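Numbering-wise (the numbering used here), the sequence shown opens with residue 6 and increments by one.
Glycine included, each C-beta is placed from N, C-alpha and C at the ideal position.
Bear in mind the structure is a predicted one, so any value in this text is a computation, not a measurement.
One structure is given here, and the rest of the page talks about it.
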Amino acid sequence: MAKNIKPNAGFSLIEMLVVLVIVASTSVLLSQGLTTTWQNFSKLSTSELAIDKAKLPLQWFANSVKGALLSHPEKVMIWGSENEVEFTTFLPPNSDDQIPRVIRWTIEQEKSRWLLVFEDQLLNEAFVIYESEFPLLFSYQVNGQWSNELISDAGVLPKAIAIVNSNQVIVTGVVGRPVQADIPVELPVFGVYEFEP
């Protein structure tokens with residue numbers, strides 16, 4: 006009578022070695038691929054950071070214009086020329102508390118460079134935040150027309166303020182609030198509006 010011999014229910018040594026070689030070579034390739042991928046991401050992040058760092062001051066300008074406020078319906082609260090603009094904003098670059106304050110942006114020429122200077126009148130500090138090799142100037146959009154001089158009516162903001170560099174717009178800040186002031190309830194009722202700038 007012949008005995009039924011059952012084969013072992015496991016893997017042979019050769020099969021295990023083949024699997025280990027395949028796993029090891031795959032792990033090495035995967036490791037090298039991930040290293041290369043992380044290096045590429047690192048290079049990309051560095052270049053994006055450099056680009057973002059260069060654009061950040063211009064974004065500060067655009068945000069400050071976006072937060073421009075009208076404080077009085079009967080007074081001009083913004084002044085501007087091609088080299089300077091002053092207005093009240095709740096988004097100044099040097100503060101995130103959103104408390105309205107008067108700020109001034111100026112363009113100054115120093116040798117063969119043009120500087121964009123931010124000044125916070127509350128703190129009485131000025132900062133050079135952008136430099137250009139080409140002439141810079143401010144341009145204002147009022148009633149659908151662009152002009153280098155801001156002739157503002159009482160209680161009206163320009164729709165947008167742009168910084169122009171050799172006829173090329175570098176950045177445009179669009180006013181984020183109504184460009185015409187609300188008339189306080191006290192004015193039509195009492196004929197007087199108490200206001201302290």
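Item to check | Leu121 - DSSP class collapsed to helix/strand/coil | outcome: Taking the sequence shown and counting its residues from 1, one reaches residue 121 at position 116. Leu121: strand per DSSP, three-state reduction.
Checklist entry - Going by the CB atoms, is the gap between Leu162 and Val174 shorter than 8 Å? => result One-based indexing of the sequence shown puts residue 174 at position 169. One-based indexing of the sequence shown puts residue 162 at position 157. No.
Next on the checklist: Can you look up Leu141 in the DSSP assignment and give me helix, strand or coil?
Outcome noted: Reading the sequence shown from its first residue, position 136 is the one you call residue 141. In this structure, Leu141 counts as strand in the three-state DSSP scheme.
Item to check | Residue burial classification, Thr94 (beta-carbon count within 10 angstroms, cutoff 16) | outcome: For this step, residue 94 is matched to residue 89 along the sequence shown. Answer is buried; the Cβ neighbour count reaches 16.
Checklist entry - How about Leu142 and Asn153: do their beta carbons lie closer than 8 Å? => result Working through the sequence shown from its first residue, we reach residue 142 at position 137. Working through the sequence shown from its first residue, we reach residue 153 at position 148. Going by C-beta atoms, Leu142 is nearer than 8 Å to Asn153.
Next on the checklist: I'd like the list of long-range same chain contacts for Trp151, defined as Cβ closer than 8 Å, with 5 residues on each side in sequence excluded.
Outcome noted: Against the sequence shown, residue 151 aligns to sequence position 146. Around Trp151: Ser144, Tyr145, Ala167.
Checklist entry - Going by the beta-carbon positions, is the gap between Ser117 and Asn170 smaller than 8 Å? => result Translated into positions along the sequence shown, residue 117 becomes position 112. Translated into positions along the sequence shown, residue 170 becomes position 165. Contact: no.
Checklist entry - Three-state secondary structure (DSSP) at Val24? => result Residue numbering aside, residue 24 sits at position 19 when the sequence shown is read from its first letter. Here Val24 sits in helix by DSSP.
Checklist entry - Is the beta carbon of Ile108 less than 8 Å from the beta carbon of Ser69? => result For the purposes of this step, residue 108 is taken as residue 103 along the sequence shown, with counting starting at 1. For the purposes of this step, residue 69 is taken as residue 64 along the sequence shown, with counting starting at 1. Their beta carbons are under 8 Å apart, which means Ile108 touches Ser69 by this criterion.
Item to check | Whole-angstrom distance between Arg106 and Gln126, CA atom to CA atom | outcome: On the sequence shown, residue 126 is found 121 positions in, with the first residue counted as 1. On the sequence shown, residue 106 is found 101 positions in, with the first residue counted as 1. In a straight line, the C-alpha of Gln126 is about 8 Å away from that of Arg106.
Checklist entry - Quick one: what does DSSP say Ser152 is sitting in, helix, strand or coil? => result Here the question's residue 152 lines up with position 147 in the sequence shown. Here Ser152 sits in strand by DSSP.
Next on the checklist: So, with DSSP's three-state summary, where would you put Asn45?
Outcome noted: Locating residue 45 in the sequence shown gives position 40, where the first residue counts as 1. It is helical.
Checklist entry - Using a threshold of 7 Å, is the CB atom of Thr94 nearer than that to any non-hydrogen atom of the ligand MN? => result The ligand MN is absent from the structure shown, which contains no ligands of any kind.
Checklist entry - DSSP three-state call for Gln103: helix, strand or coil? => result As a first step, residue 103 is located in the sequence shown; it is residue number 98 there, counting from the start. In the structure shown, Gln103 sits in coil (DSSP, three-state: anything other than H, G, I, E or B).
Item to check | Anticipated Cβ contact below 8 Å, Leu155 with Gly85, distance rounded | outcome: Here residue 155 refers to the residue found at position 150 of the sequence shown. Here residue 85 refers to the residue found at position 80 of the sequence shown. Confirmed, Cβ separation roughly 3 Å.
Item to check | Whole-Å CB distance - Phe66 paired with Trp110, under 8 Å assumed | outcome: Position 61 of the sequence shown, counted from the first residue, corresponds to residue 66. Position 105 of the sequence shown, counted from the first residue, corresponds to residue 110. At roughly 6 Å, the Cβ-Cβ gap stays under 8 Å, so Phe66 and Trp110 are in contact.
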